[in-house]
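Participant: Below are the structure tokens for one structure; questions will follow.
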Ligand code: PCA
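Numbering (this note's numbering), first residue to last: 2 to 167.
Encoded structure:
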């Protein structure tokens, strides 16, 4: 069954929200552990994926935070991971990502690369929520655009944990 179909099924919705992460929440990245702290709720890795459309993914601000700018068609197709999260985890992450001031959570169309969720893989085309931003500073769209974020990459802009995020 398509992920979109599952998401639209009201009886399943409370337990199943799909979230595409492309930044510090990915495996191997500095905030990944927060998705696996049971106090925050539940998260399950389902797939690796990339956005169907291009978006600028920039590293910006004094804390070197990754931002997917809400400018579809610019930048590159962005690689990340799809998780199934429960309501509690979604609320925790919205709060952690400072929604709606810093990021806004919106649906995004995806292409599944590898299905990791067990059972039968859904259709390759999927939709999930993503933390993108339209509240960016004027210079950000001209920053270098990344296709796959790595806090420890050779761009040298290592993510700096903010006090408020701890
Ligand atoms: N955390 C969210 C948005 C950017 C970030 O660092 C993510 O990983 O998708």
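Cβ atoms here follow ideal geometry from the backbone N, Cα and C, with glycine treated the same way. These numbers were taken from a predicted model, which means no experiment stands behind them.
#1: Does residue 139 pass the burial test, meaning 16 or more other C-beta atoms within 10 Å, or should it be called exposed?
#2: Indicate the three-state DSSP secondary structure (helix, strand or coil) for residue 80 in the structure shown.
#3: Rounded to the nearest angstrom, what separates residue 84 and residue 110 at their Cα positions?
#4: Going by beta carbon distance, what residues of the same chain come within less than 6 Å of residue 18, once the five residues before and after it are set aside?
#5: Leaving aside the five residues before and after residue 108 along the sequence, list all residues of the same chain whose C-beta is less than 8 Å from its C-beta, in chain order.
#6: Does residue 156 pass the burial test, meaning 16 or more other C-beta atoms within 10 Å, or should it be called exposed?
#7: How should residue 97 be labelled, buried or exposed, when 16 other C-beta atoms within 10 angstroms of its C-beta is the threshold for buried?
Facilitator: The structure says:
#1: It counts as exposed.
#2: The three-state reading of DSSP puts residue 80 in strand, counting E and B together.
#3: Roughly 14 Å separates the two Cα atoms.
#4: These residues qualify, in order along the chain: 86, 91.
#5: Here the set comprises 128, 129, 130, 131.
#6: It counts as exposed.
#7: So residue 97 counts as buried.
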